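In the working numbering, the protein residues as written are 551 to 1563.
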């Protein structure tokens, strides 16, 4: 498989990746055209201007998306089509060489439209050579005109050539995500030659008042030469500006004269001072100097460290506040106080307030239970000289991991872009950020990735606690995607016992040779062992750095490197529908240093060995996955599965058995048979299903958690294609991926300490069961309204009332949070008489509905002819009446009359086991083996039927009995059945203390069988 050098990332909200051919950054591309005389024009009617490199493009962010010709929009345009981009554009379109003469003014004329997304950002630059980043910018433009509506946004720029020679004009697109920019034909003309303008001031200096004094002294020397370096005979004037407003004018100052000016009217804050000289009615370039005057905000606490004493206490330390503030202004450290808080799911909880020293002791550190990350957020407060209100810094953050260390062998493969054994923590102190990619070494659709960019060249991710105290030869192994000879570098450090950091190894791409591709590397951990240390542990830290090379990391393992060591890992679904096959995988990994042969792999169901497979030979670090299929008996509420690798030669048996997983059994929302009957001779009969207008109540329990498509017959349409919010520090599959709705299960997230899991689940609990459909709002920085559609399966078409429940779990206003960041969410309702295309839908409501924190039921009347119904999440931060950031909407328990249901057949079960499959026309079946004994006595059986639809299976029918319905009742334990009149069904369910008003059938009362007729 060909990998790519630039890889798209799943960050706080990133879309699906597209494979690109590996390419190196081409920073300077010469043109094959020119130099052309002026006037010059390009009409964009010949695509070969790009293919022949007459005009060249520079994809500076190396994402494979750049300038080109598109057939999407008719007309003479060249376009930047970034509708699938994952980061801000950084793309140049550079002209052929143009012949300029010294002293002449050249004017560039064109225009632009946006064809998609918000306003587009474009700048114009002119210079010599082939690297456009060195050119002089002559205009910055926001392209707000929409294609097809009115005139284009003018794009112009003027440039005086300082010397005669070859110049190039460049257009730099820096649009935000989902850009589609159209550029009109370009024209370059020359104005009449004029006297050469003066050179720019080259020594502008602004000296601000010391120790926060509100004053500024400006000094500079007037220019003595023109732009071309010739001596000036004189100057007409020199103008001084503060914040682009003129504050001083000097008429006819001498050339080369030192000027000083004291600004006595400046106020506290950030200011821009600029100087422009004029001669012969021509202005010099403006020179700008930015400064901060007066008292500034302090920087966030720096160099935060957390020392684990391993005895239930930890000490947080940080550097004292600096005199230099956030903007370069003054801060008085003598008045500083510090506040320490924990930051959990966006909420601050104070630990210590008003500290005057740079140390805080944390008590009650937990070394048991599931691991979780505690984020400590620190602030600095200093006195304000003009107000009684203190001046506060932004937060400085550092994470501290609590809980029981993972035993070895430890492994993390980031399967399906999620975490198996966390927490893994993004280091906020680095300019870059790790994300998750679908490109993986083991084809499990998950790996770590870092994409460097300008100003973001270093990233760090911190791993969980791992106990290697019992390892005789502890090793850390991981896979990386090698790009030999490039600027990439991966460094691994280990935090030992929360007390010291040690580097254990480095992969330097510049020193690699050979082909690109996946490679593994092993680092010795003997020097950082926590052996003999109570509550000791190690934590791996992965640092990735580079200028242009994307870095992939996968399959991280920490283990004791012995010759023979196999480990087993279980992959089981959270739930399965009644009567359906469950697929369970057991993954075997060879953690030893020798090849493994002759082992067996077992699957256990409810503690009993169910099936065994012979293992294939495994080389060191190799993996093999064994698939088992199991169909649970009808009527069970859940079952437990586990896996085991059996190998007599294994020197480390502790990791051969997996943990036991519980698989829940859920009901289907599709209509079921309700009148199954059985004769004494094993003849079963039931009515043919009348599915026209059948009532369906869908609670979303049967769908795979975290699915963002293929959710039964529901249509999920992401109309905004936007970046979505994620939970800070909390992970789940498809987190941050562009989506409409997701099957959300709050009990299956990771990255939460056990103490907080229930609190999270309480906030995001569905209306019923364990799952709901959740829509996450588009991030506010995109400026794009949320437009997420949840469209029902086909309706009956009759006049009906659709019922559903909605809430906004992030509605902090209704929840009563003191400082709410998000409020109620808006949504609209639609119906369609044709199909599921959003353009076919008719809006029902005039004013948008508002979802609040508490679940609310809506009953919506639909007219005859309505075939589909849609719930559309529409919140946008800047547009809501609350002006809060958009968050999340959850939908649950949708009830409707269905259409389009098609019966394909019936499955018949005897004593919970499938015994016959019938076609859709057959509604009777005779069991020739009804007299057999299945453990309940000869001829005693219970039967059920499941309807097979074209789009799924129904729930289980009522139960029909042959023989004694209470056979096997001795296996049912009825607590307290001593003459207390409690009534139970034959399967042990309590139904009350009276036989009155019960349906006909067999019951147990006071330990005796009772028949209700």
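Cβ coordinates follow ideal geometry from the N, Cα and C atoms, glycine included. Computed from a predicted structure; not experimentally measured.
Excluding the 5 residues flanking it on each side, residue 945 has same chain C-beta neighbours closer than 7 Å at 850, 927, 928 and 929, in chain order.
DSSP places residue 601 in the uninterrupted alpha helix (DSSP H) bounded by 598 to 601. In this structure, the alpha-carbon of residue 719 lies about 12 Å from that of residue 739.
The Cβ-Cβ distance between residue 1140 and residue 1169 falls below 8 Å. Every beta strand (DSSP E) of 3 residues or more that sits fully in the segment 672 to 699 is shown, in chain order, as 686 to 693.
Per DSSP, residue 1362 is one residue of the alpha helix (DSSP H) stretching across 1362 to 1365. Annotated three-state conformation of residue 1389 is helix, per DSSP.
Counting C-beta pairs with one atom in each stretch, the segment 1121 to 1133 and the segment 1245 to 1256 have three or more that are closer than 8 Å, which means they touch. Annotated as proximal: residue 1048 and residue 858, with beta-carbon spacing under 8 Å. Below 8 Å, too few C-beta pairs join the segment 698 to 712 and the segment 579 to 597 to call them touching: fewer than three. A straight-line Cα-Cα distance of about 14 Å links residue 1167 and residue 1137. Contact check for residue 1491 against residue 1462 fails: the beta carbons are separated by 8 Å or more. Secondary structure note for residue 1423: its beta strand (DSSP E) is the uninterrupted segment 1418 to 1423.
Distance from the CA of residue 1237 to the CA of residue 1446, rounded to the nearest whole angstrom, comes to 22 Å. The closest CA to that of residue 813, considering only 757, 788 and 1382, is found on 757. Rounded to whole angstroms, residue 1006 and residue 1101 show a C-alpha spacing of 13 Å. In the three-state scheme derived from DSSP, where H, G and I count as helix and E and B as strand, residue 984 is classed as coil.
Counting other Cβ atoms within 10 Å of its Cβ, residue 991 reaches 16 or more and is therefore classed as buried. The beta carbon of residue 902 sits closer than 6 Å to the beta carbons of 890 and 910 from its chain, once the five residues preceding and following it are set aside; these are given in chain order. Taken in chain order, the unbroken stretches of beta strand (DSSP E) that lie wholly in the segment 1196 to 1224 and span 3 residues or more are 1211 to 1216. Residue 1233 sits close to residue 1476, with the two beta carbons spaced by under 8 Å. When DSSP states are grouped into helix, strand and coil, residue 913 belongs to the coil group. In its chain, beyond the 5 residues on either side, 1409 and 1445 have a beta carbon closer than 6 Å to the beta carbon of residue 1353. Following the DSSP letters along the chain, one finds residue 882 in no beta strand (DSSP E), marked with neither H nor E.
Here residue 1348 has 1243, 1414 and 1447 as same chain residues with Cβ atoms under 8 Å from its own Cβ, once five neighbours each way along the sequence are excluded. Per DSSP, residue 653 has no beta bridge partner at all.
Within the same chain, 1533 and 1560 come within 6 Å of residue 1553 by CB-CB distance, once the 5 residues on both sides are set aside. Under the DSSP assignment, residue 856 falls in the beta strand (DSSP E) whose first and last residues are 855 to 858. Sorting 1296, 1275 and 1293 by C-alpha distance to the C-alpha of residue 1287 places 1275 at the top.
Contact between residue 675 and residue 686 holds, with the beta-carbon distance rounding to 6 Å and staying under 8 Å. The beta carbon of residue 935 sits closer than 7 Å to the beta carbons of 762 and 845 from its chain, once the five residues preceding and following it are set aside; these are given in chain order.
Taking each of 1025, 1031 and 1016 in turn and checking the Cα distance to residue 1001, the smallest one comes out for 1031. The bridge partners DSSP lists for residue 1356 are 1406 and 1441.
By the neighbour-count criterion, in which a residue is buried when 16 or more other Cβ atoms sit within 10 angstroms of its Cβ, residue 861 is exposed. Residue range 1491 to 1499 is occupied by the beta strand (DSSP E) that includes residue 1496. Below 8 Å, enough C-beta pairs join the segment 770 to 778 and the segment 819 to 837 to call them touching: three or more.
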